[in-house]
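So the number in our numbering is just where the residue sits in the sequence shown, counting from 1, plus 229. Even glycine gets a Cβ: it sits at the ideal position worked out from N, Cα and C. Being a predicted model, the structure only gives us computed values, none of them experimental. Everything below concerns the one structure shown next.
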Amino acid sequence: MRMSVIGCGYLGAVHAAAMASLGHDVVGIDVDESRVASLAAGVAPFFEPGLADLLHDGLASGRLRFCSDMIEATGADVHFLAVGTPQSPEGPAADVSFVEAAIELLLPRLRPGDVVAGKSTVPVGTAARLGGRVTATGATLVWNPEFLREGWAVHDTLTPDRLVVGADATAAGERAVDVLRQVYRIAIDAGTPFLVTDLATAELVKGAANAFLATKISFINAIAEVAEAAGADVTLIAEALGHDTRIGRRYLGSGIGFGGGCLPKDIRAFAARAEELGRGDAVAFLHEVDAINLRRRDRAVRLVVDALDGLVFGRRIAVLGAAFKPFSDDVRDSPALEVAVRLRGLGADVVVTDPAAIENARAQHPQLGYAEARDEALRDADAVVVVTEWDEYRRHLTPQHAAGLVRGRIIVDGRNCLDAAAWRAAGWNYRGMGRR
Ligand code: UDX
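Set out below in structure tokens:
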């Protein structure tokens, strides 16, 4: 099928390349000309495992191209909207102006029978509000939320857990759903559940999924707070809970909490929209989820300060990690980077290292010290804090090796990803989060 993908960020670029790999004829469109130039040259503009290969193959096959002019969307059967919906500068709600602008620019390019498929995460009611203008052109608007995780985006796009398509219960809506069935034929034939809903339900599925995941993470971090006070170990609690098949172990990773371009802003937007709908009480717990999450960053800083007996000024602190999670170079609302910034604010000589995110981190926080190499960051450190659980720190750094580099054997494990016993046995003052 011929398709356009409007917005080529973490979501759109991967979607475009993945669709081309399925045999579709795809044009990716973005207003950012440097991003378009990079994608058109086969260079992924951000760190995403597997994307470069897909780009390379797609471009070589002639089925994938990128441009910055919406005119190129003309003639596509399906137009995916994959632009960002960041938090509004004025408050907790989502800023949907990029979605509105994309549709506005797309309208003159639409032909009767075209399908416009929204993938961006939007407040419930957005599709119904914008659908009329699309319908007036003879095209149909459906909502097809995207659940991909950064770092696993290629995998999640090609083999999703489920596909959800929201459409109006009209003949045009049904036809549009059939078009999306053709788009995702390979995944559907492989057994991927394909759920058809109304527009509002599809929008809410995405909001609910992110709210649930954020709640699960904050739940275990709330237990970590109690475990800290009681002298218990949250990692063992998570393990024990995880064996209960009703609960499951995933997203029970305790530590400095969630960040990134999605979960934090999405739970705020979800609560803000529920309040607009007069149902703020129903999701009031999301404010607590947010508050628990932010408290973990304070807690990590406090652990470092306490381990240094309150003497932070001028002390050298190695911060292992800057990305909001491993396998990503994304530092948007990164808890890792915030811990580094706070320690620097207390006068510490902070040296941040990360296998992928230093460039992005430096652009946001040029005041911090940076080291490309892990061992360079560790050298002469008075304390070490692990804030992103890259394998380079979690698996490949031994306490013995680190001990040969640092000045003080203090390690704060902000992701509860290290073997506490092994570090302690090597003479380290190891401190986890919610662990004895
Ligand atoms: C998330 C959702 O998973 C995805 O479905 C949605 O489309 C976008 O938002 P992403 O932001 O890429 O994806 O990352 P994810 O892997 O979900 O992690 C989010 C944050 O939670 C990270 O900061 C991560 O470190 C943290 N996290 C995750 C935990 O603190 N503990 C866990 O157990 C899992």
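- [ ] Following the continuous alpha helix (DSSP H) through residue 248, name the residue where it begins and the one where it ends.
- [x] 239 to 250 is the span of the alpha helix (DSSP H), which, as asked, contains residue 248.
Task: Backbone CA spacing between residue 593 and residue 248 [nearest angstrom] - done: Residue 593 and residue 248: Cα-Cα distance of roughly 33 angstroms.
Open item on the list: For residue 384, report the span of its alpha helix (DSSP H) as first-last.
Closed with: Taken as a continuous stretch (DSSP letters only), the alpha helix (DSSP H) holding residue 384 covers 382 to 387.
Task: Residues sharing a beta bridge with residue 599, DSSP - done: Beta-bridge pairing links residue 599 to 581.
TODO: Have a look at residue 410 and residue 455 and give me their C-alpha separation to the nearest angstrom.
DONE: The straight-line gap from Cα to Cα measures roughly 47 angstroms.
- [ ] Please go through the same chain and pick out, in chain order, the residues whose beta-carbon is closer than 6 angstroms to the beta-carbon of residue 198, but skip the five residues on each side of it.
- [x] Given a span of 230 to 665 for the chain in the structure shown, any question on residue 198 remains unanswerable.
Task: residue 358, DSSP secondary structure in three states - done: If DSSP states are grouped into helix, strand and coil, residue 358 belongs with the helices.
Open item on the list: Given 6 angstroms as the limit, tell me if residue 480 has its C-beta closer than that to any heavy atom belonging to the ligand UDX.
Closed with: Shortest gap from the CB of residue 480 to any heavy atom of the ligand UDX: under 6 angstroms.
- [ ] Would you kindly report the start and end of the unbroken beta strand (DSSP E) that includes residue 233?
- [x] First-last of the beta strand (DSSP E) with residue 233: 231 to 235.
- [ ] Could you check what DSSP says for residue 294 in three-state terms: helix, strand or coil?
- [x] Of the three classes helix, strand and coil, the one that applies to residue 294 here is strand, per DSSP.
Open item on the list: Just to confirm my understanding: we take residue 501, look at its own chain, exclude 5 residues before and 5 after, and list those with CB closer than 6 angstroms. What are they?
Closed with: Answer for residue 501: 321 and 322, listed in chain order.
- [ ] Note down, one range per segment and in chain order, each alpha helix (DSSP H) of at least 4 residues found wholly within the region 271 to 322.
- [x] The region 271 to 322 contains these whole alpha helix (DSSP H) runs: 280 to 290.
TODO: Reducing DSSP to helix, strand and coil, say where residue 346 ends up.
DONE: Reduced to three states, the DSSP call for residue 346 is strand.
Open item on the list: Please state whether the Cβ-Cβ distance between residue 347 and residue 310 is less than 7 angstroms.
Closed with: In this structure, residue 310 lies closer than 7 angstroms to residue 347 by Cβ.
Open item on the list: Between 563, 252, 268 and 548, which has its C-alpha nearest residue 579's C-alpha?
Closed with: Nearest option by C-alpha distance: 548.
Open item on the list: Which same chain residues end up closer than 6 angstroms to residue 305 when comparing Cβ atoms and leaving out the 5 residues on each side of it in sequence?
Closed with: If you ignore the 5 residues before and after residue 305, its C-beta comes within less than 6 angstroms of the C-beta of 231, 232 and 233, all in its own chain and listed in chain order.
Task: Distance between residue 561 and residue 476 (C-alpha atoms, nearest Å) - done: Taking the straight line joining both Cα atoms gives about 29 angstroms.
TODO: Compute the Euclidean distance between the alpha carbons of residue 275 and residue 291, then round it to the nearest angstrom.
DONE: Their backbone Cα atoms lie some 22 angstroms apart in a straight line.
TODO: Return the chain-ordered list of same chain residues with a C-beta closer than 6 angstroms to the C-beta of residue 589, the five sequence neighbours on each side being excluded.
DONE: Here residue 589 has 558 and 560 as same chain residues with Cβ atoms under 6 angstroms from its own Cβ, once five neighbours each way along the sequence are excluded.
Task: Runs of alpha helix (DSSP H) wholly within the region 491 to 567 (minimum 4 residues, chain order) - done: Whole alpha helix (DSSP H) segments, 4+ residues: 492 to 505 and 514 to 536.
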